[in-house]
Amino acid sequence: MAEVFRSLQHRNFRLYYAGQSVSLIGTWMQRLAVGWLVYNATHSAFLLGLVSFCSQIPTLLLSPYGGTVADRYSRYRVLLITQIASLVQASVLAWLVLSGHYATWAVAGLSLLLGTINAFDIPARQSLIVELVDDRTHLPNAIALNSTMVNLARLVGPAVAGLLLARFGEGPCFVVNAVSFVAVVASLLLMRIVPRPVRTHRPGAWEGLREGWAYLRQAPILRRQILLMAGISFCAMPFGTLLPVFAKDVFHGAAGTFGWLNSLSGLGSLVGAFYLASQPGEARRPQLITYAALVFCASIMAFALSPQLGLALAFITLSGAGMMLFIAGTNTAIQTNVDDHMRGRVLSYYVMAFQGIQPLGALLVGWLARHIGAPHTVLLQGALGLAVGLAFWQQGKGVKSGEVKVKKAA
Numbered sequence: 372m373a374e375v376f377r378s379l380q381h382r383n384f385r386l387y388y389a390g391q392s393v394s395l396i397g398t399w400m401q402r403l404a405v406g407w408l409v410y411n412a413t414h415s416a417f418l419l420g421l422v423s424f425c426s427q428i429p430t431l432l433l434s435p436y437g438g439t440v441a442d443r444y445s446r447y448r449v450l451l452i453t454q455i456a457s458l459v460q461a462s463v464l465a466w467l468v469l470s471g472h473y474a475t476w477a478v479a480g481l482s483l484l485l486g487t488i489n490a491f492d493i494p495a496r497q498s499l500i501v502e503l504v505d506d507r508t509h510l511p512n513a514i515a516l517n518s519t520m521v522n523l524a525r526l527v528g529p530a531v532a533g534l535l536l537a538r539f540g541e542g543p544c545f546v547v548n549a550v551s552f553v554a555v556v557a558s559l560l561l562m563r564i565v566p567r568p569v570r571t572h573r574p575g576a577w578e579g580l581r582e583g584w585a586y587l588r589q590a591p592i593l594r595r596q597i598l599l600m601a602g603i604s605f606c607a608m609p610f611g612t613l614l615p616v617f618a619k620d621v622f623h624g625a626a627g628t629f630g631w632l633n634s635l636s637g638l639g640s641l642v643g644a645f646y647l648a649s650q651p652g653e654a655r656r657p658q659l660i661t662y663a664a665l666v667f668c669a670s671i672m673a674f675a676l677s678p679q680l681g682l683a684l685a686f687i688t689l690s691g692a693g694m695m696l697f698i699a700g701t702n703t704a705i706q707t708n709v710d711d712h713m714r715g716r717v718l719s720y721y722v723m724a725f726q727g728i729q730p731l732g733a734l735l736v737g738w739l740a741r742h743i744g745a746p747h748t749v750l751l752q753g754a755l756g757l758a759v760g761l762a763f764w765q766q767g768k769g770v771k772s773g774e775v776k777v778k779k780a781a
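Here our numbering is used: position 227 in the sequence shown is 598, and no number is missing along the way.
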């Protein structure tokens, strides 16, 4: 069991893990509350998709800048600034909701602001992990434990938010999220980071983006993993946007039902992340990532077809496990096989594929659900995602894991 938590022996990573664990619980509470707030006020699946689009589209447009900034400047300082900015954004949103002065356009605008912050936060946070672990052999475990932290928050945050929504409404969820950022800012201030050597060449955003793509052209397996992530992110991952519709209209429940759907998805993801953390680095092969994508897509199809809530909860738990093995496996494959001086730029492509593509899918999902209903939309999403996964699985047959490494120039 100690092997699962071996990367926590590093002080900086322990602080990071503790602070982010608290903050992410608040993040998931706010995410749940935003969806419930918008759907309760508008009863519109399209507006649900629109708000989700606003929260994520900056990641697609700005993450090339975020990745270049992460390579050009101190990742630690960038993360500290983005976390303080997130605290301010969360505080403003909490004040608007508690005072009753919010409107859907205001929630969408603040979601857009948060997405802009995240476009710089995520590449810096992902690429900082390597600086928090003194022993590089512990990096795969640290990445997997980072996933367990995210998914423990996905389990706890929605469960607590469901209780608060049912009893007190949305306001307390936003307050808890704002306060939770104090923990992560404090943990960052307590760290002892050894400064990286100053780079003589500091590329601009578009030059950095070109350099990142040139690097990926020499690493076909990494490029393949990022393209598979983009396909699944567009087709299947936005299904979560419609969970308020399933909770309220399909299963005729309330905030508690919405909380259960999110929490059990988080439970499945947590199990998947712990499994990955327990495995040796060489076990994370591209084939495992593709199989996980197939399990995820098949599970959401079964979820869409479920006639009863109990069956739907079982399938959404399985979908969470498949999704997390896919996401964390892809992240680990990239982080352990990329040169450090290119880390931020390559991770910006990963962030674009993972979170930048999702808003386009969310907008389409909201529009489709308005016309053909939420269950048929999710069924279609799963089928398209399955087709993408099968295409990449067929393409990846016979690939050797050793080919992941970038070929060095002669």
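We put the beta carbon where it would ideally sit given N, CA and C, even for glycine.
### Query
Alpha carbon to alpha carbon, how far is Met672 from Leu593?
Residue 672 sits at position 301 when you count from the first residue of the sequence shown. Residue 593 sits at position 222 when you count from the first residue of the sequence shown. In a straight line, the C-alpha of Met672 is about 28 Å away from that of Leu593.
### Message
Going by beta-carbon coordinates alone, are Thr487 and Leu433 separated by less than 8 Å?
### Response
The residue given as residue 487 occupies position 116 in the sequence shown. The residue given as residue 433 occupies position 62 in the sequence shown. Yes.
### Query
Whose C-beta lies closer than 8 Å to the C-beta of Gln596 among residues of the same chain, with five residues either side of it excluded?
In the sequence shown, the residue the question calls residue 596 occupies position 225. Counting only Cβ-Cβ distances below 8 Å, and skipping sequence neighbours, we find Pro657, Ile660, Thr701, Ala704 and Ile705.
### Query
Which term fits Trp476, buried or exposed, when burial requires 16 or more other beta carbons within 10 angstroms of its beta carbon?
Within the sequence shown, residue 476 is the residue found at index 105, counting from 1. Burial call: exposed.
### Message
Just verifying my parser: in three-state terms, what is the DSSP assignment at Gly624?
### Response
As a working mapping, residue 624 is identified with position 253 in the sequence shown. Looking at Gly624 - three-state DSSP - the assignment turns out to be coil, as it is neither helix nor strand.
### Message
Please classify Gln765 as buried or exposed, where buried requires at least 16 neighbouring CB atoms within 10 angstroms.
### Response
To locate residue 765, count along the sequence shown from 1; it is residue 394. Answer is exposed; the Cβ neighbour count stays below 16.
### Where Ser473 falls: helix, strand or coil (DSSP)
The count along the sequence shown starts at 1 and reaches residue 473 at position 102. The identity of residue 473 in the sequence shown is Tyr, whereas the question assumes Ser. Here Tyr473 sits in coil by DSSP.
### Query
By Cβ distance, which residues of its chain are closer than 7 Å to Ala404, with the 5 residues on each side in sequence left out?
Counting from 1 along the sequence shown, the entry for residue 404 is found at position 33. The answer, listed in chain order, is Ala532, Leu536, Glu541, Cys544 and Phe545.
### Query
Which residue spans inside the segment 500-588 form an unbroken alpha helix (DSSP H) run of at least 4?
510-539, 542-560 and 576-588
### Task
Thinking Ser604 and Gln729 are a contact (beta carbons under 8 Å), I'd like their distance in whole angstroms, please.
Locating residue 604 in the sequence shown gives position 233, where the first residue counts as 1. Locating residue 729 in the sequence shown gives position 358, where the first residue counts as 1. With a Cβ gap of about 5 Å, Ser604 and Gln729 count as contacting.
#### Entry: Residue span of the alpha helix (DSSP H) that contains Arg595, given as start and end
The residue labelled residue 595 in the question sits at position 224 within the sequence shown. Pro591 to Cys606 is the extent of the alpha helix (DSSP H) around Arg595.
### Task
Could you check how far apart the C-beta atoms of Ala607 and Gly756 are, in whole angstroms? I think they sit under 8 Å.
Locating residue 607 in the sequence shown gives position 236, where the first residue counts as 1. Locating residue 756 in the sequence shown gives position 385, where the first residue counts as 1. Contact flag correct, Cβ pair sits at about 3 Å.
### Task
With DSSP collapsed to three states, give me the class of Tyr388.
Within the sequence shown, residue 388 is the residue found at index 17, counting from 1. Tyr388: helix per DSSP, three-state reduction.
### Task
Sort Phe686, Leu676, Ala626 and Trp407 by Cα distance to Leu419 and report the nearest one.
As a position in the sequence shown, residue 419 is number 48, starting the count at 1. Per the Cα distances, Trp407.
### Query
Helix or strand or just coil, what does DSSP make of Val449?
Counted from its first residue, the sequence shown places residue 449 at position 78. Reduced to three states, the DSSP call for Val449 is helix.
#### Entry: Whole-angstrom C-beta distance between Ser636 and Arg525, which should lie under 8 Å
The count along the sequence shown starts at 1 and reaches residue 525 at position 154. The count along the sequence shown starts at 1 and reaches residue 636 at position 265. About 7 Å separates the two Cβ atoms, so the contact holds.
### Task
Please determine if the segment 549-559 and the segment 392-404 are in contact, where contact requires at least 3 C-beta pairs separated by less than 8 Å.
yes
### C-beta contact flag for Phe674 and Ile698 at 8 Å
Looking up residue 674 in the sequence shown gives position 303. Looking up residue 698 in the sequence shown gives position 327. In this structure, Ile698 does not lie closer than 8 Å to Phe674 by Cβ.
### Three-pair Cβ contact test at 8 Å for the segment 462-481 versus the segment 742-761
no
### Query
Taking Cβ to Cβ, would you say Val786 is nearer than 8 Å to Gly693?
No answer is possible for residue 786: the residues shown for the chain start at 372 and end at 781.
### Message
My output table needs one value for Ala654: the three-state DSSP class, helix, strand or coil.
### Response
Taking the sequence shown and counting its residues from 1, one reaches residue 654 at position 283. Annotation note: pLDDT 46 at Ala654 (below 50); position unreliable, coordinate value reported separately. Helix, per DSSP.
### Residue burial classification, Gln460 (beta-carbon count within 10 angstroms, cutoff 16)
Sequence index remark: in the sequence shown, residue 460 carries index 89 (1-based). By the 10 Å Cβ count, Gln460 comes out buried.
### Task
Could you tell me how far apart the beta carbons of Met583 and Met723 are, in whole angstroms, since I believe they sit closer than 8 Å?
Within the sequence shown, the letter at position 212 stands for residue 583. Within the sequence shown, the letter at position 352 stands for residue 723. It is worth fixing the name first, because residue 583 is Gly in this sequence and not Met. About 10 Å separates the two Cβ atoms, so there is no contact after all.
### Task
Let me know if Ala654 comes out buried or exposed under the rule of 16 or more other beta-carbons within 10 Å of its beta-carbon.
Here residue 654 is taken as the residue at index 283 of the sequence shown, counted from 1. The pLDDT assigned to Ala654 is 46, lower than 50, so where the model puts this residue is not dependable; a value taken from the coordinates is nonetheless given after this. Classification for Ala654: exposed.
### Ala441 - containing alpha helix (DSSP H), residue span
The count along the sequence shown starts at 1 and reaches residue 441 at position 70. First-last of the alpha helix (DSSP H) with Ala441: Ala416 to Arg443.
### Ser670 classed as buried or exposed, judged by whether at least 16 other C-beta atoms fall within 10 angstroms
Residue mapping note: residue 670 aligns to position 299 of the sequence shown, counting from 1. Buried is the call here.
### Task
Identify the continuous alpha helix (DSSP H) that holds Val714 and give its terminal residues.
Here residue 714 refers to the residue found at position 343 when the sequence shown is read from its first residue. The question names Val, yet the displayed sequence has Arg at residue 714. Here the alpha helix (DSSP H) through Arg714 covers Arg714 to Val722.
### Message
Buried or exposed, going by whether 16 or more other CB atoms sit within 10 Å of the CB of Gln391?
### Response
Residue 391 sits at position 20 when you count from the first residue of the sequence shown. Counting Cβ neighbours within 10 Å, Gln391 comes out buried, since at least 16 surround it.
### Query
Under a three-way DSSP split, which group does Gln679 fall into?
Within the sequence shown, the letter at position 308 stands for residue 679. Here Gln679 sits in coil by DSSP.
### Query
Quick one, which of Leu587, Trp631 and Ser690 has its alpha-carbon nearest Leu718's?
Translated into positions along the sequence shown, residue 718 becomes position 347. If we check each option's Cα against that of Leu718, Leu587 comes out closest.
### Asp492 - DSSP class collapsed to helix/strand/coil
For this step, residue 492 is matched to residue 121 along the sequence shown. It is helical.
### Cβ-based neighbour list, Pro609, same chain, cut-off 6 Å, excluding 5 preceding and 5 following
By one-based count along the sequence shown, residue 609 stands at place 238. Same-chain partners within the cutoff: Gln729, Gly732, Ala733 and Val736.
### Query
Would DSSP call Thr707 helix, strand or coil?
Along the sequence shown, one-based indexing puts residue 707 at 336. Thr707: coil per DSSP, three-state reduction.
### Message
Am I right that Ala644 and Thr519 are in contact with their C-beta atoms under 8 Å? What's the rounded C-beta distance?
### Response
On the sequence shown, position 273 is the one that residue 644 refers to. On the sequence shown, position 148 is the one that residue 519 refers to. Contact flag correct, Cβ pair sits at about 4 Å.
### Task
Would you mind sorting Ser690 into buried or exposed? The rule is 16 or more other CB atoms within 10 Å of its CB.
The residue you call residue 690 lines up with position 319 of the sequence shown. Classification for Ser690: buried.
#### Entry: Cβ-based neighbour list, Met562, same chain, cut-off 6 Å, excluding 5 preceding and 5 following
Within the sequence shown, the letter at position 191 stands for residue 562. Once the five neighbours on either side are set aside, the close Cβ partners of Met562 are Asn383 and Leu386.
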